[in-house]
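J.: In UniProt numbering, the protein residues as written are 1 to 1190.
All C-beta atoms in this analysis are idealised placements derived from N, C-alpha and C, irrespective of residue type, glycine included.
Predicted model, so just to flag it, every value in this text is computed and none were measured.
#1: For residue 12 and residue 51, I'd like the C-alpha separation in whole angstroms.
#2: Look at the alpha carbon of residue 1002 and the alpha carbon of residue 1141, and state the distance between them as a whole number of angstroms.
#3: Quick one: what's got a C-beta closer than 6 Å to residue 1013's C-beta in the same chain, skipping five residues either side?
#4: Here's a check: name, in chain order, each residue in its chain whose Cβ is nearer than 6 Å to the Cβ of residue 311, leaving out the five neighbours to either side.
#5: Which one or two residues does DSSP pair with residue 486 in a beta bridge?
#6: Should the stretch 118 to 137 be regarded as contacting the stretch 787 to 797, the criterion being three or more beta carbon pairs within less than 8 Å?
#7: Pick from 641, 795 and 650: whose alpha carbon is nearest that of residue 706?
#8: Helix, strand or coil for residue 569? Go by DSSP, reduced to three states.
#9: Going by C-alpha to C-alpha distance, which of 221, 962 and 1137 sits closest to residue 1021?
#10: Taking the straight line between their C-alpha atoms, what separation do you get for residue 121 and residue 234?
#11: Identify, in the order they occur along the chain, each residue of the same chain with its Cβ nearer than 6 Å to the Cβ of residue 260, setting aside the five sequence neighbours on each side.
#12: Rounded to the nearest angstrom, what separates residue 1061 and residue 1185 at their Cα positions?
#13: Are residue 810 and residue 839 closer than 8 Å when you measure CB to CB?
#14: Within 10 angstroms of its Cβ, does residue 871 collect 16 or more other Cβ (buried), or is it exposed?
#15: What does DSSP give as the partner residue(s) for residue 1242 in the beta ladder?
#16: If the criterion is Cβ atoms closer than 8 Å, does the pair residue 454 and residue 907 meet it?
#17: Determine, using beta carbons only, whether residue 832 and residue 601 come nearer to each other than 8 Å.
#18: Based on Cα-Cα distance, which residue from 423, 460 and 238 lies nearest to residue 866?
#19: Cβ of residue 851 within 8 Å of Cβ of residue 819?
#20: If we ignore side chains and look at the alpha-carbon of each, how far apart do residue 499 and residue 272 end up?
#21: Evaluate contact between the stretch 277 to 284 and the stretch 297 to 308, counting only Cβ atoms and requiring at least three cross-stretch pairs below 8 Å.
#22: Determine the closest residue to residue 1108 out of 1123, 1122, 74 and 1143, with distance taken between C-alpha atoms.
#23: With a threshold of 7 Å, establish whether the CB of residue 754 neighbours any heavy atom of the ligand ZN.
#24: By alpha-carbon positions, which one of 147, 164, 309 and 153 ends up nearest to residue 268?
#25: For residue 118, does the three-state DSSP call read helix, strand or coil?
#26: State the DSSP-derived secondary structure class of residue 709, mapped to helix, strand or coil.
#27: Express the C-alpha separation of residue 547 and residue 553 in angstroms, rounding to a whole number.
#28: Leaving out five residues before and five after residue 1176 in sequence, what residues of the same chain have Cβ atoms less than 7 Å from its Cβ?
#29: Residue 293: which of 412, 830, 626 and 223 sits nearest, CA to CA?
#30: Put residue 439 into one of helix, strand or coil per three-state DSSP.
#31: Tell me the start and end of each unbroken beta strand (DSSP E) in the stretch 308 to 388 that is at least 3 residues and wholly inside, in chain order.
#32: Given residue 202, which residues of its chain have a CB within under 6 Å of its CB, disregarding the five upstream and five downstream residues?
#33: Can you find the residues in the same chain that come closer than 6 Å, C-beta to C-beta, to residue 95, ignoring five residues on each side of it along the sequence?
#34: Could you tell me which residues DSSP pairs with residue 1212 in its beta bridges?
#35: Could you check what DSSP says for residue 1172 in three-state terms: helix, strand or coil?
#36: Could you tell me which of 647, 627 and 53 sits nearest to residue 635, measuring between CA atoms?
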């Protein structure tokens, strides 16, 4: 055992006890680190790479080399399954003595050290034996996986030798890749930027992935004691290269060192070739041939024989064994596929072979001799799969060579087995390739299940939006030459039961509300698809027209459309956005499946504090920080110093997007080759982010490739960065390049065809197709290539491009997610998967994820949820289920109540992922814990008048939101762009409350709010009078912006209609710029989050006789919605409501002891009163405004 020093070596190394002797001494001349082994304070083994500093000598180059490897390990650490193939980084740092990198190797040591100390009989030194070479190839397979991970990120290793591999040298494959101090990023080399210069590197040299594979081949040859010179000499035939290696090994090695050409050389090809070598070696080990033997049970009582007869359409006789054997051989003659199919809870699997016509279920063979154990030396088949396996249940699949199978009848197998035993190719060699998911720890698996539940519940809620109907076509409707159908709700006991379990009204009532009150969709789809996630070719689109009184008091609804409705069996009516929702659910499901393979991210989501790393980056550019307030400076410094996650809460007006802009400027100033993903839940938020950052990137457009991924069915102009525009521009330049002009005819024609397709010129399309050119398919491929190469990608969290990047295992250097509080956990998974460095910015005190309130209510009732899942699973297609979902559904009847309740609680945290992560951090800091912070709240606002900001701060942020001094000065010095035209009726103040009479205490007032849900005609009149009393201030040069907001869509529609109908109001408002959308002053709270206006008018609508919180207040009891409503105004907030109504409800709540979170409403009324005392608010009785009308 090496002697370990008890002397503390340096400040950074003080927690470690390290060996006195270097495994490899440092070499300052070439920048090579020294390597020491040791243990940490917990006794766990570590490997420490040390770059010692030299006195009186600049250490800038050493620092660059060290920092370069740190960045590569950070980058690779966020890649799926990287923890298995690449050494895990435990800690990094530096002090006065040197730079350090601490690896967590387990029991591994550098391969060079293992080779130096291994005995001559150790397997790793005795490569003449096929068994030992098989062990080595399994280890090399892990290194090829590590190299492919690097190459997927655009990285070359450039230093692959015995010191770059860690291993124990044990019987189990455990090679891990390290040694990235000389790695190069190809995009960086192409941009003229170099990593730290390696000992053998020369500036200007050509580099490619092939170089790493050549080094890999040479390393493998050396480990097998094979002369590299003989291997690379093309004059030496394969058979003469080595007397110990089989031809398959030598051929693969020659392909790796590129003596023999291979059309494609990458990790996937290398893995497949190594697997083929292993099969040959294992056959050689057992003195076997390379065929697998399949024993089939045939005969008159055989299910397999019956299946074969049916598949042959009764041509093959059940008594003809010869014809059945020929059928099986023919069926398996074209690339048969071996499947592993998960059983039950996922701990076991069964095997099946897919042929052209049948899927053969196989199991262990039972020898005839008494007491003999089942064996996989032969596989046994007596039946077929009656239907294709559920894709969610497939663990993996392996293509088999068509000549690798030999079919035996059961009788023949019984007769020959005793002579074949030990000499045949065991099916166990294939079974070992399959890896059933056992990587989850208990908490990790619980979290993955919780995500799966939230995903399934979203699908269940979608299922409740599918309405069973009866349809009859209407003839003689000539209006607008449209076809018409009449629809009535059809009884469906299953959907009635689902609605009941979900706490909804019956489908008939909900459809009526959706059509007549909520007006939730303009387009509807008529389909036969009974499951969410399915569509049919007979689907047709319709628009609701009118309701009619039907027979038996059941209303009929007329829909019009351009298509005729085909005869449908059990038709279903769904909202027009249903198809888009299906696609989003399917994309989130793919992300959830990818999460199962991404141990690092899953660990991070379970416990973000489990592994916090220091990037050793810092912002040393004063220009970046000069434009930021103290709160943003603190946040920005912490963001660039922290991996793998940082969270920022951004209350209204604090300038979250401004901070992102400065961060992005810093990132590209530091490294122009950086790849950055900027994402948000909505297209509006992404567009706002893009417009803001465009100004920061405008000077670097020639150096930075920017792409905006828009919805594929959108026809809106997404600007110059839209993926189609970028592809067209790039292909246009490429088509005119010398490279294309000098290319072979077929390649040049393909480029020209793609150019014509992108420009809309398809005049020569048919001629090109006739020569095998398919531009439309090429366009999609080029789009994917551009997205993978882009420096900056703007995309929603549900984008198709993110789905494709996840499938291709693409990675960014940063993933920045704006408005993270508005996205569900399932929506956040995709962008989180795509980077090792993640920043989530949002405000969970504002709007929550759409529909999350309903899902949370169900999750809070585990027994109800259990019943809903059992009832509703028949309505959710298997395409929208994850294996974890099926596992939950399989176990749900037996799962203990407490366990399921705990799972539901975790599911709420996963649904509100941003909120649960950042609140846990804030609670930790509030306890005074001395912990590194990975979350920060921005608390200096710049948008709102200080009086408005004080109300927001008091109601929603515990008084911790402050107005920045520069903003205070601006509001004091600059003239307000709005003024009251009649101060007596509407006094000028930052906050104006137009106080409506309370319906219950006003004599003769029968009502205020009304159906459709909800609108308030009295408030509409008051608002119109109020806006007529405000105008543009001539002292201000700005054109003021205006927004009129309400939490209720019906109120918004009626307000906008009144404005459009009353020319005097419209004329008066023309002096304002509409802030909601061009020409549109009115909007809902959901549509306006993230926006602002100089003057905001808020209509709260509710004014009724109820005293219960939910029935009386509705949306007003939601603090998040109210926060958004009240915080959009810059200069003037005009609040239209009944203060007496609010006070009455709040008193009733206090009296009843109801535990609803409406404390903020009490604080709002108190804060407005305090501002009134300071002359910053006025309360105007509504009758003062309406006096002129009377």
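T.: Answer, in terms of the structure:
#1: Each residue's alpha carbon lies about 13 Å from the other.
#2: Each residue's Cα considered, the two are about 11 Å apart.
#3: Only 517 meet the Cβ criterion.
#4: Same-chain partners within the cutoff: 357 and 358.
#5: Answer is 472 and 558.
#6: Judged by Cβ distances under 8 Å, the stretch 118 to 137 makes no contact with the stretch 787 to 797, as fewer than three pairs qualify.
#7: Nearest in C-alpha terms to residue 706, of all of 641, 795 and 650, is 795.
#8: Under the three-state reduction of DSSP output, residue 569 falls in the coil class, being neither helix nor strand.
#9: The shortest Cα separation from residue 1021 among 221, 962 and 1137 belongs to 1137.
#10: When rounded, the distance between both Cα atoms is 32 Å.
#11: Within the same chain, residue 260 has close Cβ partners 254.
#12: Taking the straight line joining both Cα atoms gives about 21 Å.
#13: Remark: C-beta atoms of residue 810 and residue 839 do not approach each other more closely than 8 Å.
#14: The C-beta of residue 871 has 16 or more other C-beta atoms within 10 Å across all chains shown, which makes the residue buried.
#15: Coverage of the chain is limited to positions 1 through 1190, which leaves residue 1242 absent and any answer about it impossible.
#16: A contact, by the Cβ cut-off of 8 Å.
#17: A Cβ-Cβ contact shorter than 8 Å links residue 832 with residue 601.
#18: Of the listed residues, the one whose Cα sits closest to residue 866 is 460.
#19: Not in contact: residue 851 and residue 819 (Cβ atoms no closer than 8 Å).
#20: Each residue's alpha carbon lies about 50 Å from the other.
#21: As far as the Cβ criterion goes, the stretch 277 to 284 does not touch the stretch 297 to 308, which means the pair count is below three.
#22: Minimum Cα distance to residue 1108 is reached at 1143.
#23: Here there are no bound small molecules, and the ligand ZN is not part of this structure.
#24: Per the Cα distances, 147.
#25: Three-state result, residue 118: coil.
#26: Residue 709: coil per DSSP, three-state reduction.
#27: When the Cα atoms are used, residue 553 and residue 547 turn out to be separated by approximately 12 Å.
#28: Cβ-Cβ distances below 7 Å link residue 1176 to 947, 989, 990 and 991 in the same chain, with the five nearest sequence neighbours on each side left out; the list follows chain order.
#29: The residue with the shortest Cα to Cα distance from residue 293 is 412.
#30: Residue placement at residue 439 is poorly supported in this model, since its pLDDT is 45, which falls under 50; the coordinates still yield a value, given next. Secondary structure of residue 439 (DSSP, three-state): coil.
#31: Listed in chain order, they are 337 to 343, 348 to 354, 359 to 365 and 375 to 384.
#32: Caution applies to residue 202, whose pLDDT of 39 falls short of 50 and renders its modelled position unreliable; the value that the coordinates give is listed next. Counting only Cβ-Cβ distances below 6 Å, and skipping sequence neighbours, we find nothing.
#33: 10, 11 and 12.
#34: Because the chain is modelled from 1 through 1190, residue 1212 falls outside the range shown and cannot be assessed.
#35: Note: residue 1172 maps to helix in three-state DSSP.
#36: Minimum Cα distance to residue 635 is reached at 647.
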